[in-house]
Amino acid sequence: DAGVIQSPRHEVTEMGQEVTLRCKPISGHNSLFWYRQTMMRGLELLIYFNNNVPIDDSGMPEDRFSAKMPNASFSTLKIQPSEPRDSAVYFCASLPSGSYEQYFGPGTRLTVT
Amino acid sequence: AQSVTQLDSQVPVFEEAPVELRCNYSSSVSVYLFWYVQYPNQGLQLLLKYLSGSTLVESINGFEAEFNKSQTSFHLRKPSVHISDTAEYFCAVTRSSYKLIFGSGTRLLVRP
Numbered sequence: 021d022a023g024v025i026q027s028p029r030h031e032v033t034e035m036g037q038e039v040t041l042r043c044k045p046i047s048g049h050n051s052l053f054w055y056r057q058t059m060m061r062g063l064e065l066l067i068y069f070n071n072n073v074p075i076d077d078s079g080m081p082e083d084r085f086s087a088k089m090p091n092a093s094f095s096t097l098k099i100q101p102s103e104p105r106d107s108a109v110y111f112c113a114s115l116p117s118g119s120y121e122q123y124f125g126p127g128t129r130l131t132v133t
Numbered sequence: 004a005q006s007v008t009q010l011d012s013q014v015p016v017f018e019e020a021p022v023e024l025r026c027n028y029s030s031s032v033s034v035y036l037f038w039y040v041q042y043p044n045q046g047l048q049l050l051l052k053y054l055s056g057s058t059l060v061e062s063i064n065g066f067e068a069e070f071n072k073s074q075t076s077f078h079l080r081k082p083s084v085h086i087s088d089t090a091e092y093f094c095a096v097t098r099s100s101y102k103l104i105f106g107s108g109t110r111l112l113v114r115p
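Protein chains in written order, with the numbering used here: chain A, 21 to 133; chain B, 4 to 115.
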């Protein structure tokens with residue numbers, strides 16, 4: 021099993037540009053999470069999907085952030101327009117039904133200049 | 004509301020010495036507790052978990068943690084650390100299957 025796959029691994033962009041982060045969860049897992057990790061705020065849950073449906077998006081910072089899960093094998097997190105304070109490592113994680121163990125991807129390091 | 008406190012941001016220790024990474028949580032109801040490890044430039048990996056039953060849980064690489072309800076703690080211990088244990092360790096708590104609340108992390112630095 022390839023594990024959770026995230027792309028790109030690194031993204032450098034200028035303020036104001038649109039950024040799209042991608043995630044492929046582990047096959048068969050029915051829950052997907054997007055987290056953000058920064059030095060100041062640690063690990064924060066941004067949004068949680070169950071069976072492709074957004075269940076909890078209370079952690080999404082503001083309207084500039086949006087997430088979609090069009091099917092069970094793909095999710096995107098979009099930031100438009102990006103700002104320097106969005107610089108962070110963004111993790112995707114998936115969870116099989118009935119389990120408490122979340123499997124994390126390697127993360128995308130986003131730098132907004 | 005639940006919260007997790009990891010008081011030590013960094014713990015330096017010599018190789019083969021014992022180590023304890025502290026974790027305290029606050030919750031008025033029963034919770035599930037986890038330790039995750041993050042190696043440099045990687046995602047988080049589950050190290051061990053307490054869901055129910057025995058209060059002492061162990062990982063395959065020699066770490067153990069003990070759930071102490073009266074002290075609301077879930078400290079992580081290893082009797083003899085290796086250089087390869089150098090990583091950041093996160094304690095996490097949840098009441099549900101999905102909303103993990105993470106502590107701020109403890110960086111374990113093992114020196115030769």
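Ideal Cβ positions, reconstructed from N, Cα and C, are used throughout, including at glycine.
A quick note: this is a predicted structure, and the numbers were derived from the prediction, not measured.
Could you spell out where the beta strand (DSSP E) holding residue i opens and where it closes?
i: Met88 of chain A; result: One point to set straight first is that residue 88 of chain A is Lys, not Met, in the sequence displayed. From DSSP, the beta strand (DSSP E) with Lys88 of chain A extends over Phe85 to Asn91.
i: His30 of chain A; result: His30 to Thr33
i: Pro15 of chain B; result: Gln13 to Phe17
i: Val34 of chain B; result: No beta strand (DSSP E) contains Val34 of chain B, which DSSP labels as neither H nor E.
i: Ile99 of chain A; result: Phe94 to Ile99
i: Val7 of chain B; result: Ser6 to Thr8
i: Lys102 of chain B; result: It is not in any beta strand (DSSP E) - Lys102 of chain B carries neither H nor E in the DSSP assignment.
i: Gln37 of chain A; result: It is not in any beta strand (DSSP E) - Gln37 of chain A carries neither H nor E in the DSSP assignment.
i: Gln26 of chain A; result: Ile25 to Ser27
i: Thr109 of chain B; result: Thr109 to Arg114
i: Ala20 of chain B; result: Looking at the DSSP string, Ala20 of chain B is not in any beta strand (DSSP E), and its letter there is neither H nor E.
i: Tyr110 of chain A; result: Ala108 to Leu115
In chain order, what residues of the same chain lie with their CB nearer than 8 Å to the CB of residue i, ignoring the 5 residues before and after it?
i: Pro104 of chain A; result: Met35, Val132 and Thr133
i: Gly65 of chain B; result: Lys81, Pro82 and Ser83
i: Thr75 of chain B; result: Asn27, Tyr28, Ser29 and Ser30
i: Glu38 of chain A; result: Lys98, Ile99, Gln100, Pro101 and Ser102
i: Val34 of chain B; result: Gln5, Tyr28, Val96, Thr97 and Arg98
i: Pro21 of chain B; result: Arg80, Lys81, Pro82, Ser83 and Val84
i: Glu31 of chain A; result: Val39, Leu41, Thr128, Arg129, Leu130 and Thr131
i: Glu18 of chain B; result: Val84, His85, Ile86, Val113, Arg114 and Pro115
Classify residue i: buried if its beta carbon has 16 or more other beta carbons within 10 angstroms, exposed otherwise.
i: Ser55 of chain B; result: exposed
i: Pro115 of chain B; result: exposed
i: Leu10 of chain B; result: exposed
i: Ala87 of chain A; result: buried
i: Val60 of chain B; result: buried
i: Gly118 of chain A; result: exposed
i: Val24 of chain A; result: buried
i: Asp88 of chain B; result: buried
i: Thr58 of chain B; result: exposed
i: Asp106 of chain A; result: buried
i: Pro45 of chain A; result: buried
i: Gln13 of chain B; result: exposed
i: Met80 of chain A; result: buried
Between the Cα of residue i and the Cα atoms of the options, which residue gives the shortest distance?
i: Leu50 of chain B; options: B:Phe37, B:Pro43, B:Ser57 and B:Asn44; result: B:Phe37
i: Ser73 of chain B; options: B:Leu24, B:Phe93, B:Tyr28 and B:Leu47; result: B:Tyr28
i: Ala108 of chain A; options: A:His30, A:Ile25 and A:Gln57; result: A:Gln57
i: Leu112 of chain B; options: B:Ala68, B:Val40 and B:Ser62; result: B:Val40
i: Leu103 of chain B; options: A:Gly79, A:Leu65, A:Arg42 and A:Gly23; result: A:Leu65
i: Val32 of chain B; options: B:Gly106, B:Tyr101 and B:Thr97; result: B:Thr97
i: Asn71 of chain A; options: A:Glu82, A:Pro81 and A:Ala92; result: A:Ala92
i: Glu67 of chain B; options: B:Val16, B:Gly108 and B:Tyr92; result: B:Tyr92
i: Gly46 of chain B; options: A:Pro116, A:Tyr120 and A:Tyr110; result: A:Tyr110
i: Thr109 of chain B; options: B:Val16, B:Asn44, B:Phe17 and B:Arg25; result: B:Arg25
i: Phe77 of chain B; options: B:Tyr101, B:Phe105 and B:Phe17; result: B:Phe105
i: Pro90 of chain A; options: A:Glu82, A:Pro74 and A:Asp83; result: A:Pro74
i: Thr128 of chain A; options: A:Ser51, A:Tyr55, A:Ser47 and A:Ala22; result: A:Tyr55
To which residues of the same chain is residue i closer than 7 Å at the C-beta, ignoring the five residues directly before and after it?
i: Ala90 of chain B; result: Val40, Gln41, Tyr42 and Leu111
i: Thr96 of chain A; result: Thr40, Leu41, Arg42, Ala87 and Lys88
Once you ignore the five residues that flank residue i on each side, which residues in its own chain have a CB closer than 6 Å to its CB?
i: Ser27 of chain A; result: Arg42
i: Pro116 of chain A; result: His49
Show which residues of chain E have a CB atom less than 8 Å away from the CB atom of residue i.
i: Phe93 of chain B; result: Among the protein chains of the structure shown, namely A and B, there is no chain E.
Continuous alpha helix (DSSP H) assignments of at least 4 residues falling wholly in the segment 46–73 of chain A: Listed in chain order, the alpha helix (DSSP H) elements of length 4 or more contained wholly in the segment 46–73 of chain A amount to none.
Start-end ranges of the beta strand (DSSP E) lying completely within the segment 38–69 of chain B, minimum 3 residues: The qualifying runs are 47–53 and 59–61.
Segments of 3+ residues assigned as beta strand (DSSP E) that fall wholly inside the segment 69–100 of chain B: The beta strand (DSSP E) runs lying completely inside the segment 69–100 of chain B and spanning 3 residues or more are 76–81 and 90–97, given in chain order.
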